[in-house]
Amino acid sequence: MGRLGALLLLLGALGALADICNIPEVDSSLVQSLGQRLLPWMDRLSLEHLNPSIYVGLRLSSLEASTKEALYLHSLKVDYQQSLLRLAPSDDNGDLQAKPSMGQLALYMLALKANCEFIGGHKGDRLVSQLKRFLEDEKRSIGHDHKGRPHTSYYQYGLSILALCVHQKRVHDSVVGKLLYAVEHDHHLHQGHLSVDTVAIAGLAFTCLERSYLNFDLRHRITLAIRTAQEKILRAQTPEGYFGNVYSTPLALQLLMTSPMPGTELGTACLNARAALLASLQDGAFQNALMISQLLPVLNHKSYVDLISPDCLAPRVMLEPATVTPSLLQVPEFIHVLLKVPSVWPPYRHSISVPAGSSLEDVLMKAQELGGFMYGTQASLSGPYLTSVMGKEVGEREFWQLVQAPDTPLQQGIADYRPKDGETIELRLVTW
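In case it helps, mature numbering (1 follows the signal peptide of the UniProt record, and there is no 0) puts the sequence shown at residues -18 to -1, 1 to 414.
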C-alpha cells in the first residue's frame, strides 16, 4: 500500500472514530475515590435510605464492595418484597404515591439483573405486574391524544420500560408508543429547558427494546427515536462540554456510548464531556450517591443496556474505605448566608450564620431553629427535596427552586449544595 493509500486509511479510521463515543480510561485513584463515597451510604439499610441505584452502579463499575454488596442486596430484597405485599392490586387505580414508587421498583429490577438474577416465581410475577400496572395508569394519565402528563414523570416511565426490557418482559405497544411520541414531539420533556437525563433514559429504553427484539412492530420508530434522542443530547452540549449540566452528563454518555452516529462529531463531543467531568470531579462536584452511581458505569465503559447480558464474573477491584487523616482540633469558622423566600407573604429575608462547609439543608435547619421560618421535605433517591416552605405546600406541577442570587438555579439539592460566605440563596415556588 502506498503512502497515499495509508493516509486515506488513517483518515477513514479517524473519521469512523469521530462517530463513536469512546471514553478513555481515567485515573484509577479517582474512580476509587468516587466508589469510597458510596460506602457510608451502604451502611444505611432502612427503606427510606436504601437506594437500588447504588448497587446497580457498583455492579456495572470496576469496583467491588465485598460483603457489603451482598448485605445491601439482601436488605433491598427484604424491604422491597415486604413493601410489595402492602401494595394491594387494583385494576382501576394504582397508588402512584405508594412506596416504593414506580421509579424505585424499576431500579430494584435493574439491581436484581445486575446480580444476574432473572425475575420469576410468585414474587417476581408480583413485581412485574405492579410495575406494568404503574405504566398502564401513567398511560391513561397521558391520554389517547397525548395532551395529559404522567403522574410521576417521563423519566420514571422510561426507566420502568427499560427495567422490564432487560428482564425480557414485554410491555404493550401502546405503552411504548407514549414514550416514542414524547421523544418525537418534545412532548413535556422540558422544565424550562430540555431534560437531558429524561431523554437519555428514554433512549436507553429504546436501545434495549431494539436489541431485545421486543415490540417488533414498532422497530422502525424505535430506531429513529434512538437517533433523535442522541441528536437532542448532542445539541444540548454546553460550551464547557456538559450535556445539559454536570449531573445529567453521565446518563447522556451512557446513551451516546451504546451506538455510533455516522455523520456526526460524536467522538469529539464525548471527549469534551469527559474533560468537563474530570474537572468537576477534581473540584469535588460528585457527592450525591445517585449521581455517583450513574457515573461509575461510564468510567467502566458500561451502560444500563449492558444489563441485558451482564457479566457477573468480570474481575473488579476491591473497594477499601478512605483513610481519614487526623487533624488538630480547631474552632470552626462561621459563614453568613442570606436566605430569601419571595414566594410568600410577607416575604422572608434573614441572614443565617452556620459553620463553614455546612449544606443548604443545615442553613434551613438553623433558620427554622431561630424561628420565623419553617420547611418540610420528602425523601427521594437523590436526597431530600423541599415540599413546603413557610407552610406553602407544592401544588400540581410546582416545585421549590433553589436559586443562587441573582438568578442562577442550583444543580444540587439541599443536602449536597454548600453555600459560601456572603451568598444569597432564594427559594422560589415555580410552575412547570
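A virtual CB, placed ideally from N, CA and C, is assigned to each residue, including glycine. Quick caveat, the model's predicted, so the values are computed rather than measured.
Whose C-beta lies closer than 6 Å to the C-beta of residue i among residues of the same chain, with five residues either side of it excluded?
{"i": "F188", "result": "I204, A207 and I208"}
{"i": "L87", "result": "L113"}
{"i": "E315", "result": "A338"}
{"i": "I334", "result": "V319, L321, V345, K348 and A349"}
{"i": "G140", "result": "L161, I183, A184 and A187"}
Buried or exposed: which applies to residue i, given that a residue is buried once 16 or more other Cβ atoms fall within 10 Å of its Cβ?
{"i": "Y195", "result": "exposed"}
{"i": "C147", "result": "buried"}
{"i": "F116", "result": "buried"}
{"i": "L(-11)", "result": "In this prediction, L(-11) scores a pLDDT of 38, lower than 50, which makes its location untrustworthy; no coordinate-derived value is stated."}
{"i": "E408", "result": "buried"}
{"i": "S275", "result": "buried"}
{"i": "L321", "result": "buried"}
{"i": "F225", "result": "buried"}
{"i": "L277", "result": "buried"}
{"i": "T413", "result": "exposed"}
{"i": "P388", "result": "exposed"}
{"i": "L281", "result": "buried"}
{"i": "L352", "result": "exposed"}
{"i": "D119", "result": "buried"}
Considering only C-alpha positions, which residue in the set the options is nearest to residue i?
{"i": "Q360", "options": "S83, L40 and H104", "result": "S83"}
{"i": "S341", "options": "N270, S65 and R68", "result": "N270"}
{"i": "E302", "options": "L176, S15, L58 and I124", "result": "S15"}
{"i": "Y367", "options": "A397, D344, G339 and K348", "result": "A397"}
{"i": "Q138", "options": "M347, E247, V157 and S43", "result": "V157"}
{"i": "L55", "options": "A96, S65, V345 and K214", "result": "A96"}
{"i": "T134", "options": "R379, T210 and D168", "result": "R379"}
{"i": "D25", "options": "L200, L53 and L289", "result": "L53"}
{"i": "G185", "options": "Q386, V153, Q236 and S28", "result": "Q236"}
{"i": "K129", "options": "Y286, V60, K160 and L67", "result": "K160"}
{"i": "E46", "options": "V228, V13, R331 and K151", "result": "V13"}
{"i": "D293", "options": "D265, L42, V8 and M356", "result": "L42"}
{"i": "L27", "options": "T390, K50, L289 and A218", "result": "K50"}
Residues in its own chain within less than 7 Å of residue i by CB, not counting five upstream and five downstream?
{"i": "Y62", "result": "P82 and Y90"}
{"i": "S364", "result": "N270, L272 and G395"}
{"i": "C30", "result": "Contrary to the premise, residue 30 reads as Glu rather than Cys in this sequence. Within the same chain, E30 has close Cβ partners A361."}
{"i": "T246", "result": "D1 and L216"}
{"i": "D199", "result": "D155"}
{"i": "L233", "result": "D179, A182, I183 and Q276"}
{"i": "S44", "result": "V13, N282, R298 and V299"}
{"i": "V153", "result": "K114, L117, I143 and L146"}
Taking only three categories from DSSP, how would you classify residue i?
{"i": "G(-4)", "result": "Residue confidence is low: G(-4) scores 43 on pLDDT, short of 50, so the model does not pin down where it sits. No coordinate-derived value is stated."}
{"i": "Y330", "result": "strand"}
{"i": "F188", "result": "helix"}
{"i": "E380", "result": "strand"}
{"i": "M300", "result": "strand"}
{"i": "G373", "result": "coil"}
{"i": "R410", "result": "strand"}
{"i": "G354", "result": "coil"}
{"i": "T390", "result": "strand"}
{"i": "P279", "result": "helix"}
{"i": "R193", "result": "helix"}
What whole-angstrom Cβ distance do residue i and residue j have, given they're in contact under 8 Å?
{"i": "R410", "j": "Q383", "result": "5 Å"}
{"i": "G39", "j": "P279", "result": "6 Å"}
{"i": "A255", "j": "T231", "result": "6 Å"}
{"i": "G249", "j": "D1", "result": "7 Å"}
{"i": "V228", "j": "A267", "result": "6 Å"}
{"i": "E192", "j": "R201", "result": "7 Å"}
Give me, in chain order, the residues of the same chain whose beta-carbon lies closer than 8 Å to that of residue i; leave out the 5 immediate sequence neighbours on both sides.
{"i": "L260", "result": "V8 and L12"}
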